[in-house]
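Position one of the sequence shown corresponds to residue 0 (numbering that gives the first Met the number 0), numbered consecutively onward.
Virtual Cβ for every residue (Gly too), placed ideally from N, Cα, C.
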Amino acid sequence: MARKSRSNIVKGDRVRVIRGNFRDMEGAVLSVIPAKERVVVEGVNMRKRHERPSEANPEGGIITFEAPIHVSNVMLVDVAEGQASRVRVRQEADGAKERIAVKTGNPLPKPHAGV
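Following this line, the structure appears as structure tokens:
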């Protein structure tokens with residue numbers, strides 16, 4: 000059984016890759032896979048797959064898609080400052096939680112649900 004992910008990254012966040020072949024690339028998070036502790040980032044870790052013609056794809060051919068990368072290889076970007084930073088969660092007196100960028104101290108709002 001997989002353990003629960005403790006990541007502060009959610010779909011729609013802006014992240015920067017900090018390790019690996021795609022270091023220093025930025026993109027929006029397209030999806031989060033908590034069971035495997037992985038994220039899919041727009042324009043990062045592009046892969047190609049050869050597909051046969053089918054009803055869904057009558058042409059077939061080579062399909063390009065983003066593959067997941069481990070959540071430890073990305074950092075949230077403070078959009079106001081443009082800096083990648085670790086994240087601290089601060090709990091307000093009324094019980095609401097807020098993500099804070101450690102480097103800048105700016106709050107990191109969660110993206111809208113429609114993203």
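- Glu-97 and Ile-8 have their C-alpha atoms roughly 13 Å apart.
- Residue environment for Asp-93: exposed (fewer than 16 other C-beta atoms within 10 angstroms of its C-beta).
- Inter-residue distance for Val-86 and Asn-20 is about 24 Å (C-alpha atoms, whole angstroms).
- Contact annotation: Ile-61 and His-69 have beta-carbon atoms that are not nearer than 8 Å.
- Straight through space, the alpha carbons of Val-88 and Gly-81 are spaced by roughly 19 Å.
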